[in-house]
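Encoded as structure tokens, the structure appears first; notes follow it.
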Amino acid sequence: MAVAAYIKELFIETPKTDDPKNWPRRKKNIVVLTIAYCAFVGPLGSSIYMPAVLQVKEDLNTTSSLVSATLSVYVLGMGIMPVFWASLCDYLGRRPIYLISMFIFILGSIFAAIARNIWVFFFMRLIQAVGSSSVLAVGGGSLSDVFHSSERGSAFGLYYLGPLVAPMIGPIIGGVISDRVGWRSTMWLLLGTAVIAFLMVLFILPETYRHRIDEVKPTAEHEPAGTISRSHIHSTHSDPTLEAATTTLEPIDNHNPLKRKPFNPLRPFVCMRRPINALLITFNALSLGAQFCMNNTLPISFHQVYNLSESTIGLCFCAGGLGSVCGSVLGGRYSDYVIRKCEKVFDVAVQTPPEVRLQSVWLGVFLLPLGLMLYGWTVQKGLPLACALVGIFLVGFGMMLVYASTTTTIVDANSEGNMATSAVACNSFARGVLGGIAGFLALPMESAMGSGWLYTFWAIMTVVGSAGLVVLVVKAPVWRKRAAEKELNRV
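At position 325 of the sequence shown the residue is numbered 325 (the UniProt record's numbering), and the sequence of numbers has no breaks.
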């Protein structure tokens, strides 16, 4: 029996008919919706108890700065840990990662809800971040497994609805239930959402990660390796279970041997050697840093300038959330349109350069710094609140209009080398780290510079980052040619 199992493990490859890209649309939709819901859980945890910060301070007998630190450590954890999950994904696959991480989030939520001092709560918030961060790394890889390049924009647009809707409704839900039940109810609510995510993955999400079959015509390498006669098996082995084994060895995929990579948590950073990844990730990180800075200064600024209550301030966050949702959906669809249009020029889908998708980002590149400056100077000069809300909307819309395309481009550019998950993890790492640092420095910078100049600074930073996108579009063909020449020299 052991020999038969060994032969099966070595020589039977995943059937072509079970290639995730060939799954029916209904099954693909299940994958997108499940992953989008799992991606909803993490960002919900980052914002749900923002209105209850004073309750946490009083109940745990601590300071405002330590309560604020529990918010920042969550963001940092969600940024750093995807690199670890991406490396572990190469070893375990996608589905086990979702199950393990959601179980960790469940444990963190339980102990956060019953925490009696700030340090236990602080540590449990870090545990929650560890558990919720896996979807940020592995989710993009799952979509890359299932969807062809021309479909990924729309799929990513739907996938990012989860993390975009959560920050919009989190403060509203958290404010209502905290007023009626107390801040601990927000942790129990997170527990419920995580349990649902765990059950969805357990019962309806299929595994998508497998050794890919080259999309080429069969060659001699894919012919049956040979036959073993039953008489030969019977004469050389006494194990009767080998009689039931097939007498023809299935095709061996020499391109994708069934061999697991050794676990290396630093492997995802290798993808940063590629200029296309470095430039895209830099822009994404800068745009998120600007948004996190705005989120941290907005409550105090709106209270001081417009004398708004906590519940009204929570509603103001909806402007950014609505803009983000619109930008994500429209940006994904528009980028798919650009790819399909260019496929007619390049004739074959797989030959379409990944950077072609960036032709859809220029409107967002213009609106993002415009929204930042409109918000900053409106607050500093005390202009009507509606102007500030328009600025917040433009920031969310512009950022996600670009992000939907840049993230899909990262996946497309790394899908052939099976590095999509690692690249997305590096993207989450850079965004989370810069976002956390921007959140820590937001209030001191605003005090020193004023809202107008602070967001003028961030507008300039996003313009500098967008210049990298221009360089990428211009230089990508040259970089690709050099890479091809290096491959030829190796051969």
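Glycine included, each C-beta is placed from N, C-alpha and C at the ideal position. Small disclaimer: the values here were computed from a predicted structure and weren't measured.
Ordered along the chain, which non-local residues of its own chain (more than five positions away) have a Cβ less than 8 Å from that of phenylalanine 121?
Locating residue 121 in the sequence shown gives position 121, counting from the first residue. These residues qualify, in order along the chain: Val56, Leu60, Thr70, Ala112, Ala115.
Do alanine 86 and alanine 137 come within 8 Å of each other at the CB atom, strictly closer than that value?
Position 137 of the sequence shown, counted from the start, is the residue given in the question as residue 137. Position 86 of the sequence shown, counted from the start, is the residue given in the question as residue 86. Yes, Cβ-Cβ distance for alanine 137 and alanine 86 is below 8 Å.
Mind pulling the alpha helix (DSSP H) runs of 4 or more residues that sit fully within the region 403-486?
Correct list: 420-449.
With distances taken between CB atoms, is the gap from serine 360 to glycine 331 smaller than 8 Å?
Residue 360 sits at position 360 when you count from the first residue of the sequence shown. Residue 331 sits at position 331 when you count from the first residue of the sequence shown. Yes, they are a contact pair.
Report the CB separation of methionine 102 from phenylalanine 40 in whole angstroms; it is logged as a contact under 8 Å.
If you number the sequence shown from 1, residue 102 lands on position 102. If you number the sequence shown from 1, residue 40 lands on position 40. About 12 Å; that fails the 8 Å criterion.
My output table needs one value for threonine 219: the three-state DSSP class, helix, strand or coil.
In the sequence shown, the residue the question calls residue 219 occupies position 219. Note that threonine 219 has pLDDT 43, beneath the 50 cutoff, so the model's placement of it is unreliable and the number below is only indicative. Note: threonine 219 maps to coil in three-state DSSP.
So, under 8 Å CB-CB, valine 32 and leucine 205 are touching, yes? Tell me the CB distance rounded to an integer number of Å.
Against the sequence shown, residue 32 aligns to sequence position 32. Against the sequence shown, residue 205 aligns to sequence position 205. With 8 Å as the limit, valine 32 and leucine 205 do not qualify as a contact, their Cβ atoms being about 10 Å apart.
In angstroms with no decimal places, state the Cα-to-Cα distance between valine 338 and cysteine 326.
By one-based count along the sequence shown, residue 338 stands at place 338. By one-based count along the sequence shown, residue 326 stands at place 326. Approximately 18 Å between the Cα atoms of the pair.
In whole angstroms, what is the alpha-carbon distance linking leucine 158 and isoleucine 35?
In the sequence shown, residue 158 corresponds to position 158, counting from 1. In the sequence shown, residue 35 corresponds to position 35, counting from 1. Rounded to whole angstroms, leucine 158 to isoleucine 35 spans 10 Å at the Cα level.
Per DSSP, what kind of secondary structure is threonine 312 in: helix, strand or coil?
The count along the sequence shown starts at 1 and reaches residue 312 at position 312. The answer is helix: DSSP assigns threonine 312 an H, G or I state.
Closest to leucine 322 by CA distance: which of Gly79, Tyr160, Val181 is it?
Position 322 of the sequence shown holds residue 322. Minimum Cα distance to leucine 322 is reached at Tyr160.
Measure the C-alpha to C-alpha separation of proline 20 and leucine 88 and round it to an integer number of angstroms.
Taking the first residue of the sequence shown as 1, we reach residue 20 at position 20. Taking the first residue of the sequence shown as 1, we reach residue 88 at position 88. If you take the alpha carbons of proline 20 and leucine 88, they lie about 21 Å apart.
Taking buried to mean at least 16 other C-beta atoms within 10 Å of its own C-beta, is leucine 202 buried or exposed?
Position 202 of the sequence shown, counted from the first residue, corresponds to residue 202. That one is exposed.
Taking 8 Å as the cut-off, decide whether the C-beta atoms of serine 47 and proline 167 are in contact.
As a working note, residue 47 is residue 47 in the sequence shown. As a working note, residue 167 is residue 167 in the sequence shown. Cβ atoms of serine 47 and proline 167: closer than 8 Å.
Less than 8 Å between the beta carbons of alanine 194 and isoleucine 106, yes or no?
Here residue 194 corresponds to residue number 194 of the sequence shown, with the count starting at 1. Here residue 106 corresponds to residue number 106 of the sequence shown, with the count starting at 1. Contact flag set, yes.
How many angstroms separate the CA atom of glycine 289 from the CA atom of leucine 368?
Working through the sequence shown from its first residue, we reach residue 289 at position 289. Working through the sequence shown from its first residue, we reach residue 368 at position 368. Roughly 12 Å separates the two Cα atoms.
Is the Cβ-Cβ distance between isoleucine 118 and leucine 66 less than 8 Å?
As a first step, residue 118 must be located in the sequence shown, where it is residue number 118. As a first step, residue 66 must be located in the sequence shown, where it is residue number 66. Taking 8 Å as the Cβ cut-off, isoleucine 118 and leucine 66 qualify as a contacting pair.
May I ask you to report which of helix, strand or coil DSSP gives serine 360?
In the sequence shown, residue 360 corresponds to position 360, counting from 1. In the structure shown, serine 360 sits in a helix (DSSP, three-state: H, G or I).
Helix, strand or coil for tryptophan 188? Go by DSSP, reduced to three states.
Here residue 188 corresponds to residue number 188 of the sequence shown, with the count starting at 1. Three-state result, tryptophan 188: helix.
With DSSP as the reference, label arginine 274 as helix, strand or coil.
Taking the sequence shown and counting its residues from 1, one reaches residue 274 at position 274. Correct three-state label for arginine 274: coil.
Considering only C-alpha positions, which residue in the set Val433, Arg184, Phe317 is nearest to valine 390?
Taking the first residue of the sequence shown as position 1, residue 390 is located at position 390. The residue with the shortest Cα to Cα distance from valine 390 is Phe317.
How would you write the range of the alpha helix (DSSP H) that isoleucine 48 sits in, first residue to last?
Stepping through the sequence shown from its first residue, residue 48 is reached at position 48. Isoleucine 48 -> no alpha helix (DSSP H), and no H or E assigned at all.
Among Ile392, Val146, Pro82, whose alpha-carbon lies nearest the alpha-carbon of asparagine 22?
Residue 22 sits at position 22 when you count from the first residue of the sequence shown. Among Ile392, Val146, Pro82, the Cα nearest to that of asparagine 22 is on Val146.
Mapping DSSP to helix, strand and coil, what is threonine 208?
Residue numbering aside, residue 208 sits at position 208 when the sequence shown is read from its first letter. If DSSP states are grouped into helix, strand and coil, threonine 208 belongs with coil.
Is lysine 28 buried or exposed, if buried means 16 or more other CB atoms sit within 10 Å of its CB?
Counting from 1 along the sequence shown, the entry for residue 28 is found at position 28. It is buried - the Cβ of lysine 28 has at least 16 other Cβ atoms within 10 Å.
Whole angstroms are fine: how far does the CA of tyrosine 74 sit from the CA of serine 447?
What you label residue 447 is simply residue 447 of the sequence shown in a count that begins at 1. What you label residue 74 is simply residue 74 of the sequence shown in a count that begins at 1. Roughly 24 Å between the two C-alpha positions.
At the level of alpha carbons, what is the spacing between alanine 388 and glycine 364?
Here the question's residue 388 lines up with position 388 in the sequence shown. Here the question's residue 364 lines up with position 364 in the sequence shown. About 18 Å.
Could you check where the alpha helix (DSSP H) with leucine 143 kicks off and where it finishes?
Along the sequence shown, read from residue 1 onward, the residue named residue 143 stands at position 143. That run of the alpha helix (DSSP H) goes 134-146.
Enumerate in chain order the residues of its own chain whose CB-to-CB distance from alanine 438 is below 6 Å, with the five nearest sequence positions on each side excluded.
In the sequence shown, residue 438 corresponds to position 438, counting from 1. Only Gly289, Phe292, Cys293 meet the Cβ criterion.
If you count every other CB in all the chains shown that lies within 10 Å of the CB of asparagine 307, and 16 or more means buried, which is it?
For the purposes of this step, residue 307 is taken as residue 307 along the sequence shown, with counting starting at 1. By the neighbour-count rule (16 or more Cβ atoms within 10 Å), asparagine 307 is not buried but exposed.
Flag this pair as touching only if the region 271-283 and the region 377-388 have three or more C-beta atom pairs under 8 Å; answer yes or no.
Taking 8 Å as the limit for Cβ pairs, the verdict is that the region 377-388 does not touch the region 271-283.
Using DSSP with H/G/I as helix, E/B as strand and the rest coil, what is aspartate 19?
By one-based count along the sequence shown, residue 19 stands at place 19. The answer is coil: DSSP assigns aspartate 19 none of H, G, I, E or B.
Under three-state DSSP, which class holds arginine 152?
Residue 152 sits at position 152 when you count from the first residue of the sequence shown. Of the three classes helix, strand and coil, the one that applies to arginine 152 here is helix, per DSSP.
Where does the unbroken alpha helix (DSSP H) through proline 96 begin, and where does it stop?
To locate residue 96, count along the sequence shown from 1; it is residue 96. That run of the alpha helix (DSSP H) goes 94-113.
Here's the rule I'm using: 16 or more other beta-carbon atoms within 10 Å means buried, otherwise exposed. How should valine 478 be labelled?
Your numbering for residue 478 matches position 478 in the sequence shown. By the neighbour-count rule (16 or more Cβ atoms within 10 Å), valine 478 is not buried but exposed.
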